[in-house]
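In this note's numbering, the protein residues as written are 171 to 320.
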């Protein structure tokens, strides 16, 4: 939620893929509202890797070079997506406090693998302040409040 708010403030495209929602259940209600409002690019998928041809086409259209990656399961979908993004020469920033796995050991192993592959491992607050760059930024107070609320 923090990162989606940040992306909206900084006018960054947001891509969400959802692994087989009919069988595994749907995404969080607040994210679903943003999807329905058209604020987010959304795709259902059955492949574990989210770098699908239709996603790739949107990425090219948006001219994206850097990715802030979150999601579940860290050791399956997130790992395969990060690997594919890195193989396609994107800069990947993995938000460790915004990825998860059912088993914490699986998450830790996946984070270590992604680090070794070349992903930058970070956290939500570091990402926020990296984007802000300066406390004089016009959205500093808004973002500071978002971080305090969560």
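Heads up, the beta-carbon is just placed ideally off N, CA and C, and yes, glycines get one too.
Are the region 201-211 and the region 235-250 touching by the rule of at least three beta carbon pairs closer than 8 angstroms?
no
Note down, in chain order, each residue of its chain lying with its Cβ closer than 6 angstroms to the Cβ of residue 309, except the 5 sequence neighbours on either side.
179
So, helix, strand or coil for residue 267, using DSSP?
strand
What is the DSSP secondary structure of residue 212, reduced to helix, strand or coil?
strand
Just verifying my parser: in three-state terms, what is the DSSP assignment at residue 296?
helix
Report back the beta-carbon spacing between residue 400 and residue 240 to the nearest angstrom; my notes put them in contact at under 8 angstroms.
The shown model of the chain, from 171 to 320, leaves out residue 400, and the question about it has no answer.
Sorted by chain position, which residues of the same chain lie with C-beta nearer than 6 angstroms to residue 245's C-beta, five sequence neighbours on each side aside?
271, 276 and 280
Roughly how many angstroms separate the alpha carbons of residue 314 and residue 218, rounded to a whole number?
34 angstroms
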